[in-house]
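Heads up: the sequence shown runs through residues 843 to 962, numbered per this note's numbering.
The beta-carbon is built from N, C-alpha and C at its ideal position, and this holds for glycine as well.
The structure presented is a predicted model; accordingly, all values stated were derived computationally and were not measured.
Okay, so here's the structure we're looking at.
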Amino acid sequence: MTTLTKFSACDTPANEKDVSDLVVSGEPVQKSWPHFVGNDGGLRSGVWESTAGVFRGPMNDQIEFCHIIEGEARIVTGDNKEYFVKAGDGFVMDNGLQPVWHVDNFVKKHFVIVSTPPSG
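As structure tokens, then:
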């Protein structure tokens, strides 16, 4: 069946993610609301949020489009470039990127993730 998924109309329950293996510092709590998963699982989208902390967010075998809808964060990439993102900003994280997220208070985003063939 072909559908249009309007995020604001979704009542998907939140999934709290175990990110203990990704945490660099702090005790971030991350939740996501998966609103759409493609038939083959290769595309998924929804809403994600995190409380304060520093954590890795590796883009292994996936590409992600993000649109920040609340809060802000500083993202440091493997080449030590810093990106400040805040509500209203949209960006893409390419396959292989190894970002470290620095969240001072809170950040919330819409996301679309596309799986890519495994590298290597």
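Query	Result
Contacting residues, own chain, Cβ-Cβ under 8 Å from Ala929 (five flanking each side not counted)	Ile910, Ile911, Glu912, Gly913, Glu914
Nearest-angstrom Cα separation, counted from Ile905 out to Thr844	23 Å
Range covered by the beta strand (DSSP E) that runs through Lys950	942-957
Three-state secondary structure assigned by DSSP to Ala856	coil
Length of the line joining the Cα atoms of Pro870 and Asp921	24 Å
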